[in-house]
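J.:
In the working numbering, the protein residues as written are 3 to 224.
#1: Out of 89, 75, 71, point me to the one whose CA is closest to residue 82's CA.
#2: For the putative contact between residue 67 and residue 111, defined by C-beta atoms under 8 angstroms, what is the C-beta separation to the nearest angstrom?
#3: Here's the rule: buried if 16 or more other CB atoms are within 10 angstroms of the residue's CB, otherwise exposed. What is residue 170?
#4: Under DSSP, the alpha helix (DSSP H) around residue 78 begins and ends at which residues?
#5: Residue 125 and residue 137 - do their beta-carbons sit closer together than 8 angstroms?
#6: Count the C-beta pairs between the stretch 83 to 103 and the stretch 117 to 134 that are closer than 8 angstroms, then say yes if the count reaches three, no if not.
#7: DSSP on residue 24, reduced to helix/strand/coil?
#8: Identify the continuous alpha helix (DSSP H) that holds residue 135 and give its terminal residues.
#9: Nearest-angstrom Cα distance between residue 12 and residue 144?
#10: Helix, strand or coil, according to DSSP, for residue 11 in the structure here?
#11: Going by C-alpha distance, which of 139, 174, 116 is nearest residue 158?
#12: Can you tell which of 37, 123, 80 has its C-alpha closest to the C-alpha of residue 154?
#13: When the Cα atoms are used, what is the spatial distance from residue 77 to residue 108?
#14: Following the continuous beta strand (DSSP E) through residue 160, name the residue where it begins and the one where it ends.
#15: My output table needs one value for residue 214: the three-state DSSP class, helix, strand or coil.
#16: Mind checking residue 16: buried by the 16 CB within 10 Å criterion, or exposed?
#17: If you measure from the CB of residue 116, is any heavy atom of the ligand GDP nearer than 7 angstroms?
#18: From 39, 20, 87, pick the residue whose C-alpha is nearest to that of residue 164; which is it?
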């Protein structure tokens, strides 16, 4: 589909959502549109976003509009980032590689989920883009070191350390559909570890071995 065709087909967000709903099977759609448990937090988040508003400004010179910004000193087209959605391959066969190509084309950063195919190396090879790696801190020190080194070697500019999930979340939409994401059926050693093994020790190790790459919260340059 050509860019001009896309522009004529999608002029509102509602049209994009409707097209996605029509093109996805029920299981992947519920995973994409839904949230954990009974989705109370999802509804609260929507209400929180709806409570924000742009301040109207009138009689301003809008002959020149510049939406560009910077992130970690790098220029970006607009203050927008492709979120680290796991199992993107459930929606698009190319998975993270397709997202990387879109990131490069539109000059916006991509944050790659650590549970997204075709893997961090293949995603890096797909496009010359501004990429950040979302690192779940689990496993032993060697596991963390391996993923940090692989990401740095393949041009990931920063890490986002995710520490809020000790066990896989309970998603009632998925349960009702009996839907299991492909990566969960393939997982071997990549499953999220029990709470007793998730501590600040791997974070401290990551910080000590690569202080410019990792921190105990947020994303920092590598």
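Quick reminder that beta carbons are idealized off the backbone N, C-alpha and C, glycines included. All values reported here derive from a predicted model rather than from experimental measurement.
T.: The short version:
#1: 71
#2: Actually they do not touch by this definition, with Cβ atoms about 21 angstroms apart.
#3: exposed
#4: Taken as a continuous stretch (DSSP letters only), residue 78 belongs to no alpha helix (DSSP H), being part of the beta strand (DSSP E) at 76 to 78.
#5: no
#6: yes
#7: helix
#8: Residue 135 -> not in any alpha helix (DSSP H); beta strand (DSSP E) instead, spanning 133 to 138.
#9: 46 angstroms
#10: helix
#11: 116
#12: 123
#13: 12 angstroms
#14: 160 to 164
#15: In this prediction, residue 214 has a pLDDT of 49, which is less than 50 and means its spatial position is unreliable; what the coordinates show is noted afterwards. Coil, per DSSP.
#16: exposed
#17: No copy of the ligand GDP appears in this structure; indeed no ligand is present at all.
#18: 87
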